[in-house]
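Below is one structure; the comments refer to it alone.
Residue numbers (the working numbering): 300 to 977.
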């Protein structure tokens with residue numbers, strides 16, 4: 300048996316977990332009609348097959364109709380959920396993986412205009428900033444019904460074969476009762492800690508009566524809200540002790556912080572550039588002082604940190620949830636002593652930011668996550684070896700090279716720059732986003748291990764490509780900043796890339812005009828603001844940087860708001876003109892004919908990229924498919940037809956920003972779904 304602390308079994312009551320690694324409850328927003336159907340099952344099944352000991356589903360499953368889902372949650376209040384849960388649990392159990400689910404009532408963390416249009420309820424009328432609903436203050440009959448709803452939902456989960464449930468008590472109804480900030484009730488459910496915990500203890504009692512003793516029952520709770528007037532660490536310890544004293548709780552899953560605002564949520568679930576495992580020692584304190592089995596997850600992205608958590612006795616089970624989104628094969632690779640092959644989580648939090656914008660969870664650099672029914676996590680070998688030439692070593696080109704090499708093809712990559720990376724290397728210039736370079740480094744290591752040939756400092760021309768006698772050519776040349784967007788004065792502006800790369804020195808009074816809404820504008824603004832300059836960030840949109848999204852926006856705001864920075868929305872930069880040693884910005888708006896002028900000494904334009912497609916267009920006439928991509932074949936995972944030009948010498952495709960300005964995930968997905976069938 301392995302001596303690795305992570306691979307040791309753990310006995311949780313009657314349940315034997317085969318190792319110490321778990322996937323904590325999270326909602327990837329894959330349900331269909333509120334049910335965890337095939338996509339949901341496949342997502343968990345792949346990770347179960349790879350060896351994770353415990354996977355927790357849902358984040359969280361709704362127990363009541365007046366807890367309508369805001370992240371496409373599982374609807375645990377419907378009887379029809381049981382057979383879908385059974386399919387999921389059976390698939391995981393067949394692979395030796397335990398399965399649990401998180402149940403909750405969202406309380407005020409939802410909105411009345413969802414689901415059945417019932418009013419949100421909470422222990423006060425106070426609105427949660429994140430979801431903006433003013434809740435009804437809960438009445439006694441609401442409480443009685445919700446307790447029954449919890450018990451009913453727990454019974455459904457047991458009927459579906461779950462090994463246990465986890466009650467959610469951070470930011471949701473349970474700890475809305477606990478926190479003095481969100482509980483203004485009088486009588487038996489308000490005031491003292493004993494009263495504020497009464498609702499939760501009644502839920503626990505009702506659930507335990509319904510499911511019996513042979514079913515695991517735990518709670519994920521905030522032991523410190525880190526919020527003025529909220530639950531303090533000392534009170535959190537009292538809560539934990541009271542939970543233990545019920546004799547009905549089998550484990551604690553420790554959270555620190557509050558999630559009612561974007562900054563609060565980001566401190567609970569840190570993004571890239573923030574400290575790894577910031578709450579690990581605090582969770583270890585809860586374990587030591589309370590003595591119940593203790594779980595925890597919060598930016599534990601690497602095996603070394605996880606191993607430390609178990610070896611030092613800080614945790615009994617360590618959650619590596621985002622890490623498993625990046626690489627579902629994580630446990631398998633640890634067991635096979637292939638830790639260097641683990642695809643790293645880079646903390647981009649594209650996964651969570653998407654669900655908080657009503658999307659589905661996708662990993663920024665594993666395009667198979669959430670697409671397990673159509674995309675492979677492990678690339679199968681090709682039946683016939685081919686010569687594949689790739690031009691460009693950004694994220695699209697590097698993913699194409701990796702997948703082609705894993706297919707067993709002979710791969711050559713041309714790259715004009717001295718290093719791989721493309722826009723990722725530019726992004727990683729910002730200290731807070733330097734983790735992004737691991738997207739490239741991991742692929743480079745995978746390519747080197749498979750003898751991919753790289754030709755750096757080589758601006759490939761058509762003759763260079765055809766001289767390789769390729770069977771397939773993939774153009775991944777990316778794009779260049781598009782700044783030619785003004786009615787007049789385009790020669791007076793520079794791009795956000797110029798600032799990030801250090802090619803242009805920041806001015807003293809600067810306009811950053813962002814018509815793309817991605818990271819580049821804010822990265823440039825941050826550099827300029829740190830130089831001491833005045834910065835105005837302007838967008839024609841009604842909100843700025845929408846593609847950065849909520850959690851990733853937080854570090855930018857913390858960096859910018861204490862500096863001389865102004866944010867202007869709903870105004871459009873129309874033109875620029877020279878005025879002595881200044882540049883006059885002519886500013887308009889889409890909402891009226893109003894215009895005004897403002898003076899700056901520098902104007903930055905962020906308007907996406909224009910494809911570098913000259914090589915593609917030159918090669919196109921000589922290709923078998925004339926560059927065409929059959930969308931049906933691409934979407935449904937079939938090989939591309941090559942009959943457009945029978946006289947052609949090679950198949951030709953372009954991917955990523957060489958097609959159009961998109962993002963890293965889109966570039967990698969382009970490469971994976973195309974090259975997996977070559």
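The beta carbon of each residue, even a glycine, is placed where N, CA and C say it ideally should be.
| Asked | Found |
| --- | --- |
| Beta-carbon proximity check, residue 645 vs residue 738, cutoff 8 Å | yes |
| Close-in-space but distant-in-sequence residues of the same chain around residue 919 (CB under 7 Å, 5 per side omitted) | 925, 926 and 951 |
| Counted within 10 angstroms of its Cβ, other Cβ atoms place residue 691 as buried (16 or more) or exposed | buried |
| Simplified DSSP assignment, three categories, for residue 469 | coil |
| Rounded separation between residue 306 and residue 564 - CA only | 31 Å |
| Assigned exposure category for residue 455 - 16 Cβ within 10 Å defines buried | buried |
| DSSP beta-bridge partners of residue 910 | 778 |
| Own chain residues within Cβ distance below 7 Å of residue 513, not counting five before or after | 313 |
| Integer Cβ distance of residue 316 from residue 432, believed to fall under 8 Å | No, residue 316 and residue 432 are not in contact; Cβ-Cβ is about 38 Å, not under 8 Å. |
| Between the CA atoms of residue 880 and residue 1000 - distance to the nearest angstrom | Nothing about residue 1000 can be reported from this structure: the residues present for the chain run from 300 to 977 only. |
| Buried or exposed by the 16-neighbour rule on C-beta atoms within 10 Å, applied to residue 934 | exposed |
| Close-in-space but distant-in-sequence residues of the same chain around residue 994 (CB under 8 Å, 5 per side omitted) | Outside the modelled stretch of the chain, which goes from 300 to 977, sits residue 994, for which no answer is possible. |
| For residue 647 and residue 965, the rounded distance between their alpha carbons | 14 Å |
| Buried or exposed by the 16-neighbour rule on C-beta atoms within 10 Å, applied to residue 579 | buried |
| Completely contained alpha helix (DSSP H) runs for the segment 530–592, where each covers 4 or more residues | 532–544, 561–567 and 579–589 |
| Endpoints, the beta strand (DSSP E) within which residue 833 is located | 833–838 |
| Neighbourhood of residue 742 by C-beta, 6 Å cutoff - its chain only, sequence neighbours within 5 removed | 697 and 701 |
| Host alpha helix (DSSP H) of residue 935 (start-end) | 930–935 |
| Unbroken alpha helix (DSSP H) run spanning residue 858, endpoints | 849–859 |
| Cβ pair residue 567, residue 593 closer than 8 Å | no |
| Residue 851 beta carbon less than 8 Å from that of residue 570 | yes |
| According to DSSP, residues forming a beta bridge with residue 980 | Since the displayed the chain opens at 300 and closes at 977, residue 980 lies outside it and no answer follows. |
| Residue 440 classed as buried or exposed, judged by whether at least 16 other C-beta atoms fall within 10 angstroms | exposed |
| 3-residue-minimum beta strand (DSSP E) runs that sit fully inside the segment 371–452, ordered along the chain | 397–403 |
| Cβ neighbours of residue 461 in the same chain (closer than 7 Å, five flanking residues each side left out) | 384, 388, 398, 399 and 400 |
| Segment contact, 8 Å Cβ cut-off, at least three pairs: the segment 783–797 with the segment 817–827 | yes |
| Given 8 Å, three or more beta-carbon pairs between the segment 473–488 and the segment 515–529 | yes |
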